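Undergrad:
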Amino acid sequence: MTTLKSKLQEDLNAAIKERDELRSSTLRLTLAAITKEEVAGKKKRELSDDEVQKVITREAKKRREAAEAFAQGGRPEQSEREKAEGEVLAQYLPQQLSDEELDAIVAQAVEEAKAAGAEGPRAMGAVMKIVNPKVAGQAEGGRVAAAVKKLLAG
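Here this note's numbering is used: the first residue of the sequence shown is -6, the next is one more, and so on.
(1) Short check: CB of Leu95 to CB of Ala140, under 7 Å?
(2) For Val128, count the other beta carbons within 10 Å of its own beta carbon; 16 or more makes it buried, fewer makes it exposed. Which is it?
(3) Going by Cα to Cα distance, which pick from Lys107, Gly135, Val103 is closest to Leu144?
(4) Excluding sequence positions up to five away, which residues of its chain have a Cβ less than 8 Å from the Cβ of Glu30?
(5) So, using beta-carbon positions, are Ala77 and Leu15 closer together than 7 Å?
(6) May I ask you to report which of helix, strand or coil DSSP gives Lys47?
(7) Applying the criterion that 16 or more other CB atoms from any shown protein chain within 10 Å of the CB defines a buried residue, is Arg56 buried or exposed?
(8) If Ala106 and Ala119 are in contact, beta carbons under 8 Å, what's the gap, nearest whole angstrom?
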């Protein structure tokens, strides 16, 4: 078992013993998503820590989107629950980049793309190819794309 997955399992056991319903249900759902990912495809396999982290990131994104949807739908109590679950999952993810750090990385990538001959809004793909490996797991794709668009338009 990978170290991140075993940490999730240990934390789930601790949450159950402490009768922490929010934490235990969130970790159960996340471990179920990891198991589903492991058995997807032709044969069962063990996920690496990076793959487990991608599953956790995906689950956290689902929680954020659900919280927004519930808030817009007039269900604040359900929205708060989803936000709280997202915060539990955030503890297992790497620290997110600040807007300033993200902008600096994107600015550097735009310069690299311009040096390679990519100009204007059409350079979006080239810049994203440079930026994505640098910010993997530390910034959501939508945030990265928005920063790139802003710098290319400006």
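For glycine and all other residues, C-beta sits at the position ideal for the given N, C-alpha and C. Model, not experiment: these values are computed from the prediction.
TA: If we stick to the structure as given:
(1) The criterion of a C-beta distance shorter than 7 Å is satisfied by Leu95 and Ala140.
(2) With 16 or more other Cβ atoms within 10 Å, it is buried.
(3) Of the listed residues, the one whose Cα sits closest to Leu144 is Val103.
(4) Short of 8 Å from the beta carbon of Glu30, and not among the five residues preceding or following it, lie these beta carbons of its own chain, in chain order: Leu40, Glu44, Val48.
(5) The beta carbons of Ala77 and Leu15 sit closer together than 7 Å.
(6) Lys47 falls in the helix class under three-state DSSP.
(7) Looking at its Cβ environment, which holds 16 or more other Cβ atoms inside 10 Å, Arg56 is buried.
(8) Contact holds; Cβ gap of about 4 Å.
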